[in-house]
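This report refers to the structure that appears directly beneath it.
Protein chains: 2
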Amino acid sequence: MDPLTQLGGWGISRRAVLQGMAATWAAVTGGFTLNGRYQTAWAREQATSSPSETQPATLRVLGIGGSLRAGSYNRGLLRAAQELTPAPHTLEIADLSALPLYNPDVEAQGFPPAVAGLRTAAAIADALLFATPEYYRSIPGALKNAIDWLGRPPNSPLARKPYAVLGATTADLGTVRAQLQLREILLSFDLPVVQRPEVFISNADGKFDEQGSLLDPASRQAVQDLVAALLVLTEQLQQSWPPARA
Amino acid sequence: MDPLTQLGGWGISRRAVLQGMAATWAAVTGGFTLNGRYQTAWAREQATSSPSETQPATLRVLGIGGSLRAGSYNRGLLRAAQELTPAPHTLEIADLSALPLYNPDVEAQGFPPAVAGLRTAAAIADALLFATPEYYRSIPGALKNAIDWLGRPPNSPLARKPYAVLGATTADLGTVRAQLQLREILLSFDLPVVQRPEVFISNADGKFDEQGSLLDPASRQAVQDLVAALLVLTEQLQQSWPPARA
């Protein structure tokens, strides 16, 4: 017998288990280090449980990268996250390059097409994953500009959207200052956030190949753990929060 | 006799006085509240001292506003600052609306015209005055984007540029969170900054007229004091720092 089914029947009481996890979230998130424990439990559950009651929802994550550079390491992080997102969940990568600078006078004429497209992509997503470089102790203006557009009423697509943050840099410190400013900015929307793992990729030029694909095993594991944590948090919240997209 | 000339002869020892001010800058900046004391001293000096030795340098300030809205209150603050800049000093207002989003691939082809124009305007300025709204606990993406372009080598026009910050909002809290994030961002460039006065304009819709001109007397005094403090700091530094623009 799968030891997981001894938890009062994992296939039946998965909701109860998740509610229990909610009560001890601080302890649970301590498990999302580099061992992939919950990732494994998640995959095992999908393989052994009956579809009717226990198939997890198919979750859509929108990846938002802060750098517009074609060979961006942070887009490489999002591609790695895409590869490491367990089926049936999916991760799409947004494109910020066509967004105009936010201007209330422009907004008053209606959202420009690139803005409307990004807002739709965010609206249909269940969760957001931000991958940011650090430009001058903060996130790029291009990323803040995207948030300036995404946050606007009516029906901001950021509402009730769980998110996670990671970042890569060729320098030291792993984008920690940018991530701190980003978390502070996103406090504006009262969003649930993955607190652990924190993923800071320093010296990125030694961890990606020339095509910008993430090779470093420890970094890949951290990305995998972060995606898993984001999926668990999202599903957990959707137990009590019917998704806004109905 | 003007009491100021009793300071060992203000007209002759102005440099010594400024050096003394440098040593006690924290104390001096305490004077820049709403009483306009140093503003008054500055104007009096110009009126009473001989031009050959004591005429202050003509300083150029570049005003950079964070909002692209035509009727922006923060542009209104910059226009007020322009009116309240004592001759012979001048304040020009930058336009950020034509800047593309920062992209290293674009930069590799050379600075686009709007970027080159802004960099030149900053390079010939002696000091910078940032007027920012608060968008989601930070500065607008458009303003961060301008900094992303201005900071780039070679010869970043931010080098050794004293600056000051102020901001207006229709909400409460006077843009304090945006100003804090901006100050943190600008730490990247090791720039001298005016610490006092801090100028936080809340409930802006009651303090500007319909054309976006600043009417509120206390706010105008605060803007005037801030400009005066920025000019004093700039001139003080130029005593020891020959300006980079030679």
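Residue numbers (my numbering), protein chains in the order written: chain W, 2 to 247; chain V, 2 to 247. Beta carbons are placed, not taken as given, at the ideal position from N, Cα and C, and that holds for glycine. These figures come from a predicted structure and were not determined experimentally.
Quick check on this structure: which residue in the options has the alpha carbon closest to the alpha carbon of residue i?
| i | options | result |
| --- | --- | --- |
| W:Thr248 | W:Leu151, W:Gln212 and W:Ala71 | Any property of residue 248 of chain W remains undetermined from this structure, which presents chain W solely from 2 to 247. |
| V:Leu78 | V:Gly118, V:Ala223 and V:Gln182 | V:Ala223 |
| W:Leu130 | W:Gln239, W:Val228 and W:Glu236 | W:Val228 |
| W:Asp127 | W:Phe190, W:Leu187, W:Arg61 and W:Asp106 | W:Arg61 |
| V:Ala165 | V:Asp173, V:Leu188, V:Tyr137 and V:Arg153 | V:Leu188 |
| V:Pro158 | V:Pro141, V:Ser139, V:Gln182 and V:Phe190 | V:Phe190 |
| V:Gln239 | V:Arg161, V:Tyr136 and V:Pro141 | V:Arg161 |
| V:Arg70 | W:Pro105, W:Ile94 and W:Leu63 | W:Pro105 |
| V:Ser73 | V:Lys208, V:Ala219 and V:Trp242 | V:Lys208 |
| W:Leu119 | W:Gly64, W:Tyr136, W:Gln110 and W:Pro87 | W:Gly64 |
| V:Tyr136 | W:Asp206, W:Gln225 and W:Glu185 | W:Glu185 |
| W:Ile94 | W:Asp149, W:Gly142 and W:Ala123 | W:Ala123 |
| V:Thr171 | V:Pro218, V:Asp206, V:Gln110 and V:Ala88 | V:Asp206 |
Among residues of its own chain, excluding the 5 on either side of residue i, which ones have a beta-carbon nearer than 6 Å to its beta-carbon?
| i | result |
| --- | --- |
| V:Gln83 | Leu92 |
| W:Val200 | Leu167, Ala223 and Leu227 |
| W:Asp96 | none |
| V:Gln110 | none |
By Cβ distance, which residues of its chain are closer than 7 Å to residue i, with the 5 residues on each side in sequence left out?
| i | result |
| --- | --- |
| V:Asn75 | Gly66, Gly67, Ser68, Ala132, Thr133, Pro134, Gly168 and Ala169 |
| W:Leu234 | Pro163, Pro193 and Val195 |
| W:Leu232 | Leu60 and His90 |
| V:Arg153 | Glu108 |
| V:Asp251 | Outside the displayed range of chain V (2 to 247) lies residue 251 of chain V, so it cannot be described from this structure. |
| V:Ile140 | Gly67, Thr133, Ala179, Gln182 and Leu183 |
| V:Asp149 | Tyr103 |
| V:Asp217 | Lys208 |
Can you name the start and end residues of the beta strand (DSSP E) that residue i belongs to?
| i | result |
| --- | --- |
| W:Ile94 | Thr91 to Ile94 |
| W:Ala71 | Looking at the DSSP string, W:Ala71 is not in any beta strand (DSSP E), and its letter there is neither H nor E. |
| W:Leu129 | Ala128 to Ala132 |
| W:Val200 | Val200 to Ile202 |
Starting from residue i, trace the alpha helix (DSSP H) in both directions and tell me its first and last residue.
| i | result |
| --- | --- |
| V:Tyr164 | First-last for V:Tyr164: Tyr164 to Ala169, but that is the beta strand (DSSP E), not the alpha helix (DSSP H). |
| W:Ala229 | Pro218 to Ser241 |
| V:Leu151 | Gly142 to Leu151 |
| W:Val177 | Val177 to Leu187 |
| W:Pro114 | Pro114 to Ile125 |
| W:Glu108 | Pro105 to Glu108 |
Ignore the nearest five residues each way along the sequence and tell me which others in residue i's own chain have a CB closer than 8 Å to its CB.
| i | result |
| --- | --- |
| V:Ser214 | Gly77, Arg80 and Ala81 |
| V:Arg221 | Ala81, Leu85 and Leu215 |
| V:Asn146 | Leu97, Leu100, Leu102 and Tyr103 |
| V:Trp1 | Any property of residue 1 of chain V remains undetermined from this structure, which presents chain V solely from 2 to 247. |
| V:Arg138 | Arg178, Ala179 and Gln182 |
| W:Asn156 | Ala124 |
Can you tell me whether residue i is buried or exposed? The criterion is at least 16 other CB atoms within 10 Å of its CB, across all chains shown.
| i | result |
| --- | --- |
| V:Glu211 | exposed |
| V:Ala24 | Unreliable positioning characterises V:Ala24 in this predicted model, as indicated by a pLDDT of 31, which lies under 50. The coordinate reading is nonetheless provided below. Exposed, since its Cβ has fewer than 16 Cβ neighbours within 10 Å. |
| W:Ala27 | Since pLDDT at W:Ala27 reaches only 28, below the 50 mark, its modelled position is unreliable, and the value read off the structure follows with that caveat. Flag for W:Ala27 reads exposed. |
| W:Pro198 | buried |
| W:Ala143 | buried |
| V:Gly175 | buried |
| W:Ala88 | exposed |
| W:Ala48 | Confidence is the limiting factor: at W:Ala48 the pLDDT is only 46, short of 50, which leaves the residue's position unreliable, though a coordinate-based value still follows. It is exposed - the Cβ of W:Ala48 has fewer than 16 other Cβ atoms within 10 Å. |
> Three or more C-beta pairs closer than 8 Å, one from the stretch 106 to 117 of chain W and one from the stretch 106 to 120 of chain V: is that the case here?
Replying inline: With fewer than three CB-CB distances shorter than 8 Å, the stretch 106 to 117 of chain W does not count as touching the stretch 106 to 120 of chain V.
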